[in-house]
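Asker:
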Amino acid sequence: MNTDDERWLLSYYRHSELNGALFFGRLARTVRGPLQGDLTRHFADESRHAHWWTETLDALGTRPARVAGAYQDQYLEAAGLPANLMEILAITHVFERRAAGQYARHARRADVQPEVRATLRRILQDEVRHLAWVRCALREMGPEFGAATVRATLARCEAADREVYRSTLEEYEERSP
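Numbered per the working numbering, the sequence shown spans residues 13 to 189.
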């Protein structure tokens with residue numbers, strides 16, 4: 013991967029993590045009850061991930077590039093506006109699974125610089141926890157929304173994710189690892 017493409021990709025990751033932090037920060041302010049702690053920790057993790065990407069770019073001797081949009085920006089158009097917390101968590105689960113998969117693939121590449129690989133691995137540890145708490149929360153919402161509704165919502169979000177991923181790959185194919 014050339015240096016400009018790597019700088020852009022790491023900046024894209026950083027931008028997406030910042031978007032996630034802002035989203036979960038707003039959500040943590042409004043949600044009451046047992047999920048408030050999980051949402052607050054998720055907010056803190058996403059913010060820390062953005063900071064780690066900033067530090068990684070600094071260690072590579074560069075600064076974050078301007079990035080026009082984040083991956084999750086396309087989700088609302090593809091999946092529709094979430095109507096409730098269950099739908100937000102379904103989108104979150106699908107998105108986090110996609111992000112973890114992308115980070116894991118990137119970390120396995122032979123040409124990844126050690127600083128980048130270390131950051132990817134640190135973030136992946138948090139992604140495992142994110143997937144676990146969201147999956148548990150969705151399971152606990154089964155009685156309220158109906159397990160079939162939760163499954164259908166996840167399926168709808170997965171279809172939207174495939175669409176967003178395909179269009180993102182087409183748009184950024186030359187920059188992607």
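Cβ atoms here follow ideal geometry from the backbone N, Cα and C, with glycine treated the same way.
Is the region 60–72 touching the region 144–158, taking contact as three or more C-beta pairs under 8 Å?
Answerer: Touching, no, given that fewer than three Cβ pairs across the two stretches are closer than 8 Å.
Asker: Do His27 and Val106 have their CB atoms nearer than 8 Å?
Answerer: Against a cut-off of 8 Å, the Cβ pair of Val106 and His27 comes out as no contact.
Asker: Is Gly37 helix, strand or coil by DSSP?
Answerer: Looking at Gly37 - three-state DSSP - the assignment turns out to be helix.
Asker: Rounded to whole angstroms, what's the CA-CA distance from Ala95 to Asp50? Just pull it up for me.
Answerer: Each residue's Cα considered, the two are about 20 Å apart.
Asker: Which of the three DSSP states, helix, strand or coil, is assigned to Asn31?
Answerer: Reduced to three states, the DSSP call for Asn31 is helix.
Asker: Using only alpha-carbon positions, find the residue among Glu170, Tyr25, Ala40 and Gly45 that is nearest to Leu136.
Answerer: Comparing Cα-Cα distances from Leu136 to each of Glu170, Tyr25, Ala40 and Gly45, the minimum goes to Tyr25.
Asker: Using three-state DSSP, classify Glu175 as helix, strand or coil.
Answerer: Residue state, collapsed to three classes: helix.
Asker: By Cβ distance below 8 Å, which residues in the same chain neighbour Glu127 in space, the five residues on each side in sequence not counted?
Answerer: Here the set comprises Thr68, Ala71 and Leu72.
Asker: Between which two residues does the alpha helix (DSSP H) harbouring Leu136 extend?
Answerer: Taken as a continuous stretch (DSSP letters only), the alpha helix (DSSP H) holding Leu136 covers Pro126 to Glu152.
Asker: Is DSSP giving Ala80 helix, strand or coil here?
Answerer: Ala80 falls in the coil class under three-state DSSP.
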